[in-house]
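Asker: Next up is a structure, given as structure tokens.
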Amino acid sequence: MKMTRAGLRTTAVLAVAALGLAACSSSGGAQKSDDDTSGGGGAAAGTPKYKITLVTHASAGDTFWDIVRKGAEAAAKKDNVELQYVNNDNASQQATLIQNAVDAKVDGIAVTMPNVGPLTTAIANAEAAKIPVIGLNAGYNDWKAQKLIGYFGQDETIAGQAGGKRLADEGAKKVLCVIQTQGQSQLEDRCKAITTGLGSAGSVENIYVNGTDAAATQSTITAKLQQDKTIDHVVTLGAPIALIAVDSVKEAGSSAKIATFDTNGELVAAIKDGSVEWAIDQQPYLQGYEAIDSLWLYLTNANTIGGGEAVLTGPAFIDSSNIDAVSQYAKAGTR
């Protein structure tokens, strides 16, 4: 069977995942202590103990970042790395966290870049101090210009177009795309690409919600579904928002189907019971793991990964056909 470009990309992602799976401030759910051994690890490397800071744009309560962090902690444990995890969903504050790491003379920095502008000076300061910086999760279009040594994440255009094509194949005519944080480039790119993938089969309308306020988010989605009964699919850009959308669909008496980007344990359960149709998985555990492990490889052996290109960790679909295989890892907090 002839494979499409998207199919080839997905095959490459799975190959990278198989190769790569070999671990601070708080966000999301309950955090584990440094001596937690779940999710991989094993005996620590006999290399010098390096200090690495992971700086993300995580919002409080977003369980997606628990999975990223778990992967980073597993790699840190294996590599004898002292890992500091810090986060702030405000780009200016995120830049301050990067600069703090520079001032602390850490050995490496991993960073997400949903809004790269305010981060540019701090990243340049890190590079001037000879501190290697690697990107993950957000910043696919910017990491080369920022002179990072590598990037691990998904191409949001490829992911969104794959989702849009699937929606078209499923007969979607009117899609509501829910953006939980205004101004984050990767979220805007997802909805834009869904529109492209859907093509002439239907239309997409974007709606903005405050993803940190569950009650307000549910109210906004519910009101839209009550107002427009032609909406037959709701696409959310994060697992917690998908779970809120499930309640909105029920409250509105809508027959709209729900699909999402990203997963967590509760979302996996929702796919199993049919309240969510499918999820586009970018493998956040792999992003966190590879970001830290690649910095260790660079520090210990001057290795870089990707040959000057981003290493794609997604997209891959999780649905009823493979949910049983994934659910065991979701219970462990790694999917």
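Residue numbers (mature numbering (1 follows the signal peptide of the UniProt record, and there is no 0)): -32 to -1, 1 to 303.
Even glycine gets a Cβ: it sits at the ideal position worked out from N, Cα and C.
Tell me which residue opens and which closes the beta strand (DSSP E) that I35 is part of.
Answerer: Start at 1 with the first residue of the sequence shown, and residue 35 comes out as number 67. Element bounds for I35: not the beta strand (DSSP E) but the alpha helix (DSSP H), 32 to 47.
Asker: Contact between the stretch 14 to 30 and the stretch 167 to 184 is defined here as three or more beta-carbon pairs at a separation below 8 Å; is this criterion met?
Answerer: Segments in contact, yes.
Asker: Pick from E156, G103, A184: whose alpha carbon is nearest that of F120?
Answerer: One-based indexing of the sequence shown puts residue 120 at position 152. Closest by alpha carbon: G103.
Asker: Could you give the residue range of the beta strand (DSSP E) that holds I91?
Answerer: Indexing the sequence shown from 1 puts residue 91 at position 123. Here I91 belongs to no beta strand (DSSP E); instead the alpha helix (DSSP H) covers 88 to 96.
Asker: Mind listing, in chain order, the continuous alpha helix (DSSP H) runs of no fewer than 4 residues lying wholly within the stretch 218 to 299?
Answerer: DSSP runs (the alpha helix (DSSP H)) wholly in the stretch 218 to 299: 233 to 241, 252 to 269, 291 to 299.
Asker: Hey, out of A130, N232, E245, G256, whose CA is closest to V294's CA?
Answerer: The residue given as residue 294 occupies position 326 in the sequence shown. Cα-wise, what sits closest to V294 is N232.
Asker: Could you round the C-beta distance between V217 and L193 to whole angstroms and report it? I think they count as a contact, below 8 Å.
Answerer: The sequence position of residue 217 within the sequence shown is 249, counting from 1. The sequence position of residue 193 within the sequence shown is 225, counting from 1. The Cβ separation is near 7 Å, so the contact holds.
Asker: Could you tell me whether any Cβ in chain C is nearer than 8 Å to the Cβ of G85?
Answerer: Judged by its chain identifiers, the structure shown contains no chain C, having just a single protein chain.
Asker: Identify which residue in A210, L265, K299 has its Cα closest to the Cα of G242.
Answerer: By 1-based counting over the sequence shown, the position of residue 242 is 274. The candidate whose alpha carbon is nearest that of G242 is A210.
Asker: Counting along the chain, where does the beta strand (DSSP E) carrying E173 start and finish?
Answerer: Here residue 173 is taken as the residue at index 205 of the sequence shown, counted from 1. From DSSP, the beta strand (DSSP E) with E173 extends over 171 to 176.
Asker: DSSP state of E138, grouped into three classes?
Answerer: Position 170 of the sequence shown, counting from 1, holds the residue named residue 138. Coil, per DSSP.
Asker: Which of the three DSSP states is assigned to I162 in this structure?
Answerer: Indexing the sequence shown from 1 puts residue 162 at position 194. Three-state result, I162: helix.
Asker: Is the stretch 275 to 282 in contact with the stretch 55 to 73, if contact means three or more CB pairs nearer than 8 Å?
Answerer: No: fewer than three Cβ pairs fall under 8 Å.
Asker: Is it buried or exposed for D230, if we count other Cβ within 10 angstroms and need 16 for buried?
Answerer: Residue 230 sits at position 262 when you count from the first residue of the sequence shown. So D230 counts as buried.
Asker: Just verifying my parser: in three-state terms, what is the DSSP assignment at residue 315?
Answerer: The structure shown has nothing for residue 315, since the chain only spans -32 to 303.
Asker: DSSP three-state label for V79, please.
Answerer: As a position in the sequence shown, residue 79 is number 111, starting the count at 1. Three-state DSSP puts V79 in a strand.
Asker: Tell me the rounded alpha-carbon separation between C145 and Y253.
Answerer: As a working mapping, residue 145 is identified with position 177 in the sequence shown. As a working mapping, residue 253 is identified with position 285 in the sequence shown. Roughly 25 Å between the two C-alpha positions.
Asker: If you reduce the DSSP assignment to three classes, tell me which class Q122 lands in.
Answerer: For this step, residue 122 is matched to residue 154 along the sequence shown. It is coil, neither helix nor strand.
Asker: Check this for me: beta carbons of A161 and T125, under 8 Å apart or not?
Answerer: Walking along the sequence shown from the start, residue 161 turns up at place 193. Walking along the sequence shown from the start, residue 125 turns up at place 157. Cβ atoms of A161 and T125: closer than 8 Å.
Asker: Could you check which residue in K142, R134, T272 has the C-alpha nearest to that of P283?
Answerer: Here residue 283 refers to the residue found at position 315 of the sequence shown. Answer by Cα proximity: R134.
Asker: Less than 8 Å between the C-beta atoms of S301 and I117, yes or no?
Answerer: As a working note, residue 301 is residue 333 in the sequence shown. As a working note, residue 117 is residue 149 in the sequence shown. Residue 301 is actually Gly in this sequence, not Ser. No; because the gap between Cβ atoms is not below 8 Å, this pair is not in contact.
Asker: Between V202, V172, T198, S171, which lies nearest to Q186 when the distance is taken from Cα to Cα?
Answerer: As a first step, residue 186 is located in the sequence shown; it is residue number 218 there, counting from the start. Among V202, V172, T198, S171, the Cα nearest to that of Q186 belongs to V202.
Asker: State whether the stretch 99 to 115 contacts the stretch 70 to 78, with contact taken as three or more CB pairs (one from each stretch) at a distance under 8 Å.
Answerer: Judged by Cβ distances under 8 Å, the stretch 99 to 115 makes contact with the stretch 70 to 78, as three or more pairs qualify.
Asker: Beta-carbon within less than 6 Å of A67's beta-carbon, same chain only, minus the 5 sequence neighbours each way: which residues are those?
Answerer: In the sequence shown, counting from the first residue as 1, residue 67 sits at position 99. Note that residue 67 corresponds to Gln in the displayed sequence, not to Ala. A90, listed in sequence order.
Asker: With distances taken from CA atoms, which of V79, L22, T228, D47 is nearest L267?
Answerer: For the purposes of this step, residue 267 is taken as residue 299 along the sequence shown, with counting starting at 1. Cα-wise, what sits closest to L267 is D47.
Asker: Assuming V289 contacts I239 (C-beta within less than 8 Å), just tell me the rounded distance between them.
Answerer: Taking the first residue of the sequence shown as 1, we reach residue 289 at position 321. Taking the first residue of the sequence shown as 1, we reach residue 239 at position 271. According to the sequence shown, residue 289 is Ser rather than Val. Incorrect: roughly 10 Å between the Cβ atoms, too far for contact.
Asker: Can you grab the Cα-Cα spacing for the pair residue 361 / G14, in whole Å?
Answerer: Because the chain is modelled from -32 through 303, residue 361 falls outside the range shown and cannot be assessed.
Asker: From F285 to I248, what does the alpha carbon distance come to, in whole angstroms?
Answerer: The residue labelled residue 285 in the question sits at position 317 within the sequence shown. The residue labelled residue 248 in the question sits at position 280 within the sequence shown. Those two C-alpha atoms are separated by around 5 Å.
Asker: So, helix, strand or coil for Q52, using DSSP?
Answerer: Taking the first residue of the sequence shown as position 1, residue 52 is located at position 84. The answer is strand: DSSP assigns Q52 an E or B state.
Asker: Within a Cβ cutoff of 6 Å, which residues of the same chain sit near G(-5), ignoring the five residues on either side of it in sequence?
Answerer: Here residue -5 refers to the residue found at position 28 of the sequence shown. Interpretation of G(-5) is limited by its pLDDT of 42, a score under 50 that renders its predicted location unreliable; the figure taken from the coordinates is listed afterwards. Counting only Cβ-Cβ distances below 6 Å, and skipping sequence neighbours, we find D30, T31, W33, D34.
Asker: Between the alpha carbons of A115 and A270, how many angstroms are there, rounded?
Answerer: Start at 1 with the first residue of the sequence shown, and residue 115 comes out as number 147. Start at 1 with the first residue of the sequence shown, and residue 270 comes out as number 302. One detail in the question is off: residue 115 reads as Lys in this sequence, not Ala. Distance between the alpha carbons of K115 and A270: 16 Å.
Asker: What residue does the alpha helix (DSSP H) around V70 start on, and which one ends it?
Answerer: Along the sequence shown, read from residue 1 onward, the residue named residue 70 stands at position 102. Counting along the chain, the alpha helix (DSSP H) containing V70 begins and ends at 59 to 71.
Asker: DSSP state of R15, grouped into three classes?
Answerer: Here residue 15 corresponds to residue number 47 of the sequence shown, with the count starting at 1. Going by the sequence as given, residue 15 is Thr instead of Arg. Of the three classes helix, strand and coil, the one that applies to T15 here is coil, per DSSP.
Asker: Quick check on the burial criterion: 16 or more other C-beta atoms within 10 angstroms. Buried or exposed for K197?
Answerer: As a working note, residue 197 is residue 229 in the sequence shown. That one is exposed.
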